[in-house]
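Structure first, then comments.
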Amino acid sequence: AKKQQSISNFFSKP
Amino acid sequence: LEARLEQAAMLKRVVDAIKDLVQDCNFDCNDSGIALQAMDNSHVALVSMMLKSESFSPFRCDRNIALGINLTSLTKVLRAAQGDDILTLKAEDAPDVVNLTFESPESDRLSEYDIKLMDIDQEHLGIPDTEYAATITLPSSEFSRITRDLSALSESVAIECTKEGVKFTCTGDIGNGSVSLRQHTNVENDAKSVDISLTEPVALTFSLKYLVNFCKAAGLSDRVRLCLSNEVPLLVEYGLSNNSYLRFYLAPKIGD
C-alpha cells in the first residue's frame with residue numbers, strides 16, 4: 691500500500 | 218502597513234480558498250508585498266500565498282511585520298465587504314490589531330473593522346526551486362470537475378503524464394474511473410486550452426481530499442498549473458494579476 695508522506699519530508703526546515 | 222486593494226473580492230476569495238486548510242496564519246508584510254505560508258494540521262499540504270505590492274495601490278510597508286490572524290475571524294469581517302468595495306489594510310508598528318476599511322465605490326458608505334492579532338509561532342519551510350518534469354496548464358473549472366468526479370469513487374488519484382497526455386485514474390470500492398486529457402489549443406478561447414510540457418514521464422499518487430480543497434481557489438483564476446516530478450510534492454498554482462499567486466503543495470503517497 692502507498693503511504694501518505696508529510697510535506698516536511700521534502701521541504702527544508704529553517 | 219497601508220495596503221489598498223481596488224477590489225475586496227480578491228482577498229475574500231483568497232481567504233475563502235484557504236480557510237478550510239489552515240486556521241491561524243502569519244501574514245508577512247514587507248516592501249515586496251504580503252506573503253503567507255502555512256501547513257495544514259496533518260502536515261500533508263502547504264499553502265503559499267504571495268500578494269505582490271503591485272497588486273495594491275498604494276502599498277506602503279515601512280517595517281517588516283508579521284500579522285498573526287485567525288482566518289475564521291478574518292472571514293467574519295470580510296463577509297462585511299462587498300466584492301467591489303475598495304479594501305484598505307492598515308497596521309502600525311508592533312500592532313495589536315489589523316484595521317480593515319471597506320469603501321463602497323458608489324456611495325459614501327465606509328465601514329471599518331479591527332481584528333485582534335495573535336502570536337503565531339510558525340516554522341517557515343524552505344521550498345526548493347524545482348525544474349518539474351511535467352507542467353500541465355488547464356482550465357481551473359476542468360481540474361475542479363476531475364477532482365470532484367473522481368473523489369466520489371476513491372480517496373486517491375494517480376496522475377500519470379506522458380507524451381500522450383495526462384491521465385487521472387482512481388480505484389474505489391464501487392469500481393474505477395479515469396479522465397484523460399491531451400494537449401489541446403482552443404483557437405477561439407485560449408483559456409480553454411490544455412498545455413502540457415514534459416521532460417520525462419511522471420506517475421504519482423495523491424489524496425483527493427486535499428485536491429478538492431485546493432479547487433476552492435478556482436474562482437481566482439480561469440487557469441490552473443499543475444507541476445509534477447516523481448517523488449516530490451505536487452504544485453497546484455492559481456495565478457493572480459500582477460504576478461501575485463496562490464500555490465498549494467501536496468505531498469505524494471508513496472509505496473513501500
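Protein chains in written order, with the working numbering: chain A, 691 to 704; chain B, 218 to 473.
Don't be surprised by glycine CBs; every beta carbon is placed ideally from N, CA and C.
- Take the alpha-carbon of B/Leu304 and the one of B/Arg230: they are about 13 Å apart.
- Close to chain A, meaning a Cβ-Cβ distance shorter than 9 Å, are the following residues of the segment 327 to 353 of chain B: Glu340, His341, Leu342, Gly343, Ile344 and Pro345.
- Look at B/Ser424: its C-beta is under 8 Å from a C-beta on chain A.
- According to the DSSP assignment, B/Tyr466 belongs to the beta strand (DSSP E) that extends over Tyr462 to Leu467.
- Contact of B/Ala420 with chain A by beta-carbon distance below 8 Å is absent, the smallest such distance being about 12 Å.
- Here B/Ala220 is bridged, per DSSP, to B/Phe276 and B/Leu306.
- B/Asn243 is positioned such that its CB atom lies closer than 8 Å to that of B/Gly285.
- Short of 7 Å from the beta carbon of B/Ser358, and not among the five residues preceding or following it, lie these beta carbons of its own chain, in chain order: Ala435.
- Three or more beta-carbon pairs drawn from the segment 289 to 296 of chain B and the segment 329 to 348 of chain B are found closer than 8 Å, and the two stretches are therefore classed as touching.
- If you check the CB distance, B/Val419 and B/Leu398 do not come in under 8 Å.
- The three-state secondary structure of B/Met266, taken from DSSP, is strand.
- Taking CB atoms only, B/Leu263 has a neighbour in chain A less than 8 Å away.
- If only complete runs of 3 or more residues are kept, the segment 392 to 425 of chain B shows the beta strand (DSSP E) at 393 to 398, 412 to 415 and 419 to 424, in order along the chain.
- Burial is judged here by how many other beta carbons sit within 10 angstroms of a residue's own beta carbon; B/Ser272 has at least 16 and is buried.
- Going by DSSP, B/Glu320 is part of no alpha helix (DSSP H) but of the beta strand (DSSP E) stretching over Val314 to Glu320.
- Separation of the CB atoms of B/Ser461 and B/Leu268 is rounded to 5 Å, and the pair is thereby assigned contact status at 8 Å.
- Cβ neighbours of B/Gln400 within its own chain (closer than 8 Å, five residues either side excluded): Gly382, Val411, Asp412 and Ile413.
- In the DSSP assignment, no residue is bridged to B/Leu367.
- Secondary structure of B/Ile337 (DSSP, three-state): coil.
- Between B/Leu421 and B/Pro345, the C-beta gap is not smaller than 8 Å, which leaves the two residues out of contact.
- Note: B/Cys387 is bridge-paired with B/Gly394 in the DSSP secondary-structure output.
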